[in-house]
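S.K.: Residue numbers 1 to 689, in full-length UniProt numbering, belong to the letters of the sequence shown in order. Pasting a structure below so you can have a look.
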Amino acid sequence: MEPKQKQYPAVDVTGDRSKIRCCKEQYCIGTWNVRSMNQGKLEAVKQEMARVNVDILGIRELKWTGMGEFNSDDHYIYYCGQESLRRNGVAIMVNKRVRNAVLGCNLKNDRMISVSFQGKPFNITIIQVYAPTSNTEEAEVERFYEDLQDLLGLTPKKKNVLFIIGDWNAKVGSQETPEVIGKFSLGIRNEAGQRLIEFCQENALVIANTLFQQHKRRLYTWTSPDGQHRNQTDYTLCGQRWRSSIKSAKTRPGADCGSDHKLLIAKFRLKLKKVGKTTRPFRYDLNQIPYDYTVEVRNRFKGLDLIDRVPDELWNEVHDIVQETGIKTIPMEKKCKKAKWLSGEALQIAMKRREAKSKGEKERYKHLNAEFQRIARRDKKAFFSDQCKEIEENNRMGKTRGLFKKIRDTKGTFHAKMGLIKDRNGMDITEAEDIKKRWQEYTEELYKKDLHDPDNHDGVITDLEPDILECEVKWALESINTNKASGGDRIPVELFQILKDDAVKVLYSIWQQIWKTQQWPQDWKRSVFIPIPKKGNAKECSNYHTIALISHASKVMLKILQARLQQFVNCELPDVQAGFRKGRGTRHQTANIRWIMEKARELQKSIYFCFIDYAKAFDCVDHNKLWKILKEMGIPDHLTCLLRNLYAGQEATVRTGHGTTDWLQIGKGVCPGCILSPYLFNLYAGNVG
1 MEPKQKQYPA VDVTGDRSKI RCCKEQYCIG TWNVRSMNQG KLEAVKQEMA RVNVDILGIR
61 ELKWTGMGEF NSDDHYIYYC GQESLRRNGV AIMVNKRVRN AVLGCNLKND RMISVSFQGK
121 PFNITIIQVY APTSNTEEAE VERFYEDLQD LLGLTPKKKN VLFIIGDWNA KVGSQETPEV
181 IGKFSLGIRN EAGQRLIEFC QENALVIANT LFQQHKRRLY TWTSPDGQHR NQTDYTLCGQ
241 RWRSSIKSAK TRPGADCGSD HKLLIAKFRL KLKKVGKTTR PFRYDLNQIP YDYTVEVRNR
301 FKGLDLIDRV PDELWNEVHD IVQETGIKTI PMEKKCKKAK WLSGEALQIA MKRREAKSKG
361 EKERYKHLNA EFQRIARRDK KAFFSDQCKE IEENNRMGKT RGLFKKIRDT KGTFHAKMGL
421 IKDRNGMDIT EAEDIKKRWQ EYTEELYKKD LHDPDNHDGV ITDLEPDILE CEVKWALESI
481 NTNKASGGDR IPVELFQILK DDAVKVLYSI WQQIWKTQQW PQDWKRSVFI PIPKKGNAKE
541 CSNYHTIALI SHASKVMLKI LQARLQQFVN CELPDVQAGF RKGRGTRHQT ANIRWIMEKA
601 RELQKSIYFC FIDYAKAFDC VDHNKLWKIL KEMGIPDHLT CLLRNLYAGQ EATVRTGHGT
661 TDWLQIGKGV CPGCILSPYL FNLYAGNVG
């Protein structure tokens, strides 16, 4: 029997050797200058990434504008470019094998980006850079290294494995430098190369692709268009402490995306660990609600005791019946993949182009590259032609929702997700848990109740308004808009609407008890906030709208309340108030302003306008002042008490790209997802000086 071979750890650590386990998993990291990610190139890069088995790919000279992150099939892309100019740009693309290990990212600027991964026993940080060229002014080069040093300062020093990959536009030369450059580098060292070596020495980094003996063809990273000149300017740097985790580093000359740079890869052995993340909120496929659902829910509704029940208890029973039956009988909505416009023919041409490159057939490669560009343009034109035909068909059939959705998709306005935000001191936050905590901190501060403002509660009102009628419930249920995101209870209104009179009867019983006791189910007091970016810096929490998703069942009750309040609200609002009012809108006021301006110009009179923009208008409404205003306006105490008890004890959670926050208390403001909020704000704004 052969003796068992001893396993050695994949990293060089002395103090923490007892914590290190042998790492059998091997990952491949790559970096590639793609020379602009123009039409069709993203698909070609993903194809090459899969063929070469690259798990993490750093990309530079992307030439995309803006910053953010998005999903593309089985890949996830973090990118950062200039605000408006298509210059520079860097990105890190990960495949599904490592996607769930991502802890966070730092979108520094258009020349550097970092992504951190959860590993075992140590985490991993990968920084992709794109250094200025040799003919750039010295000040810009120094600024690049200063920014990179700042980014390193945000990277944990202990229990963290660091890789810096990218195009350094530097030649370190063939001379070996202890602890920095190995025996297998190329060329003659230039000034930029010396600057890179000094940076490595200052930060205890080693250039990994100079440590392994390879054929020169596997060391060059750039080839001139005529094929006469070759250089080694792309490098993979790692901490000297972790150099033994890298098993190989070389270029892949056969990989092709139409660039004059070679794909540089490095294989390392470290264990990545899946980060615990909340699941994506499920959505029912409401176009396929089966008959079994209505039969089972109706049968279970018959067994409910509807007489003199506590609203919260009765609603919880109804909620459980609808949700359990829905999950069991209704299929979940499938996520639609974005249509690909690049045809298989174009991808076949890309493969032939790669083969021509590998064989050194320059003329054939040039011809195939032009052919790929021609077919890509043709495919894009054909794709948009088909999209326009679908738009015309939706318009002909009167499918308004599908029509405008298709127009939005075809316009090509792309909004990437923004995962990175700043803390209260203006420092970038990259870790997922820290981002969630920051959103919770910001939201708590935004909706925090003033301590000096006591809650004057008058108890239960005995002088009640006329009871709710069953026909009111039926009208309200049918009038609620469909195809809307559900609240925290995850029950869309369509699941009640399809039950018709059976749902009306049960909901009517709940609302009768709410009407009498003025007590609301806790589910109806809970909101899910969705941050929607506004114009401005997307890293600032204050530059987001917090749109609230509320229970659809509560919307039916609020619809009835709205109708009951309408007669009082219309009497109190001035005629000049046009916002959120039936039969008029802000366009009428715009027309009035234009008419006034025309008359003033005709009569040669000066005119002055004062425009007031309320900051966080809905979020700053003082509840006690609002109740006082309603009382002074003659709103019945019963209706005011219902509203007051709805807002008392309100809770919310913020849904971020990294999961939801803990529940937090809402002490002020009107709910931005409630149908009553515009009416209440109109009354409040018109009476607070």
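Glycine is no exception: its CB is placed at the ideal position from the N, C-alpha and C atoms. Because the structure is a prediction, the values reported are computed rather than measured.
Would residue 47 pass as a contact of residue 380 if the rule is Cβ separation under 8 angstroms?
M.R.: Their beta carbons are not under 8 angstroms apart, which means residue 47 does not touch residue 380 by this criterion.
S.K.: Starting from residue 545, follow its DSSP beta bridges and name the residues at the other end.
M.R.: DSSP, once it has assigned bridges, lists 532 as partnering residue 545.
S.K.: What separation, rounded to the nearest whole angstrom, lies between the Cα atoms of residue 408 and residue 44?
M.R.: Going from the Cα of residue 408 to the Cα of residue 44 covers about 26 angstroms.
S.K.: Does residue 131 come out as helix, strand or coil in the three-state DSSP assignment?
M.R.: Here residue 131 sits in coil by DSSP.
S.K.: How about residue 683 and residue 630: are their beta carbons less than 8 angstroms apart?
M.R.: Their beta carbons are under 8 angstroms apart, which means residue 683 touches residue 630 by this criterion.
S.K.: Tell me whether residue 588 is buried or exposed, calling it buried when 16 or more other Cβ atoms sit within 10 Å of its Cβ.
M.R.: Flag for residue 588 reads exposed.
S.K.: Quick one: what does DSSP say residue 37 is sitting in, helix, strand or coil?
M.R.: Coil, per DSSP.
S.K.: Going by DSSP, name the residue or residues bridged to residue 599.
M.R.: According to DSSP, which records beta bridges pairwise, residue 599 is partnered with nothing at all.
S.K.: What does DSSP give as the partner residues of residue 267 in its beta bridges?
M.R.: According to DSSP, which records beta bridges pairwise, residue 267 is partnered with 28, 248.
S.K.: Going by C-alpha distance, which of 268, 449, 160 is nearest residue 121?
M.R.: When only C-alpha atoms are compared, the closest one is 160.
S.K.: Would DSSP call residue 658 helix, strand or coil?
M.R.: It is coil, neither helix nor strand.
S.K.: Based on the DSSP secondary-structure assignment, which residues constitute the bridge partners of residue 665?
M.R.: Note: residue 665 sits in a beta bridge opposite 651.
S.K.: Any idea if residue 690 is buried or exposed, counting beta-carbon neighbours within 10 angstroms, 16 or more meaning buried?
M.R.: For residue 690 there is no data in the structure shown, the boundaries of the chain being 1 and 689.
S.K.: Give me, in chain order, the residues of the same chain whose beta-carbon lies closer than 8 angstroms to that of residue 477; leave out the 5 immediate sequence neighbours on both sides.
M.R.: Once the five neighbours on either side are set aside, the close Cβ partners of residue 477 are 493, 496, 497, 503, 504, 507, 556.
S.K.: Give me, in chain order, the residues of the same chain whose beta-carbon lies closer than 6 angstroms to that of residue 97; leave out the 5 immediate sequence neighbours on both sides.
M.R.: Counting only Cβ-Cβ distances below 6 angstroms, and skipping sequence neighbours, we find 55.
S.K.: Going along the chain, which residues of its own chain have a beta-carbon closer than 8 angstroms to the beta-carbon of residue 539, five neighbours each way excluded?
M.R.: If we look at residue 539 and ignore the five residues flanking it on each side, its Cβ neighbours are 418, 420, 421, 422, 428.
S.K.: Determine, using beta-carbon pairs with one atom in the region 174–191 and one in the region 142–150, whether at least three such pairs fall under 8 angstroms.
M.R.: No, the region 174–191 is not in contact with the region 142–150.
S.K.: Distance check for residue 656 and residue 586, CA to CA, integer angstroms please.
M.R.: So the two alpha carbons sit approximately 33 angstroms from each other.
S.K.: Is residue 108 helix, strand or coil by DSSP?
M.R.: Three-state DSSP puts residue 108 in a strand.
S.K.: Between residue 670 and residue 621, is the Cβ-Cβ spacing less than 8 angstroms?
M.R.: It is a contact, given that the beta carbons lie within the stated cut-off.
S.K.: By how many angstroms is the C-alpha of residue 322 removed from the C-alpha of residue 147?
M.R.: Approximately 55 angstroms between the Cα atoms of the pair.
S.K.: Inspect the CB distances between the region 156–174 and the region 114–133 and report whether three or more fall short of 8 angstroms.
M.R.: Counting Cβ pairs under 8 angstroms, three or more are found: they touch.
S.K.: When the Cα atoms are used, what is the spatial distance from residue 83 to residue 107?
M.R.: Using only the alpha carbons, I get a separation of about 13 angstroms.
S.K.: Ignoring anything shorter than 3 residues, give me the beta strand (DSSP E) runs that lie fully in the region 49–93, in order along the chain.
M.R.: With a minimum length of 3 residues, the continuous beta strand (DSSP E) runs that stay inside the region 49–93 are 56–60, 67–72, 75–80.
S.K.: Roughly how many angstroms lie between the CA atoms of residue 312 and residue 522, to the nearest whole one?
M.R.: So the alpha carbons of these two residues sit roughly 7 angstroms apart.
S.K.: Short of 7 angstroms in beta carbon distance, which residues of its chain neighbour residue 578, apart from the five on each side in sequence? Order them along the chain.
M.R.: Closer than 7 angstroms at the Cβ level, and outside the excluded window around residue 578, lie 584, 585, 586, 588, 589.
S.K.: Residue 636: which of 319, 544, 463, 303 sits nearest, CA to CA?
M.R.: When only C-alpha atoms are compared, the closest one is 463.
S.K.: Applying the criterion that 16 or more other CB atoms from any shown protein chain within 10 Å of the CB defines a buried residue, is residue 680 buried or exposed?
M.R.: Buried, by the Cβ-count rule.
S.K.: Whose CA, out of 610, 626, 534, lies closest to the CA of residue 687?
M.R.: Ranking the options by Cα distance to residue 687, first place goes to 626.
S.K.: Assuming residue 225 and residue 260 form a contact by the criterion Cβ under 8 angstroms, report the distance between their Cβ atoms to the nearest whole angstrom.
M.R.: At roughly 6 angstroms, the Cβ-Cβ gap stays under 8 angstroms, so residue 225 and residue 260 are in contact.
S.K.: Beta-carbon within less than 7 angstroms of residue 117's beta-carbon, same chain only, minus the 5 sequence neighbours each way: which residues are those?
M.R.: Contacts found: 98, 101, 102, 103, 123, 124, 272.
S.K.: Could you spell out where the beta strand (DSSP E) holding residue 166 opens and where it closes?
M.R.: 160–167 is the extent of the beta strand (DSSP E) around residue 166.
S.K.: Decide if residue 238 is buried, meaning its Cβ has at least 16 other Cβ atoms within 10 Å, or exposed.
M.R.: By the neighbour-count rule (16 or more Cβ atoms within 10 Å), residue 238 is buried.
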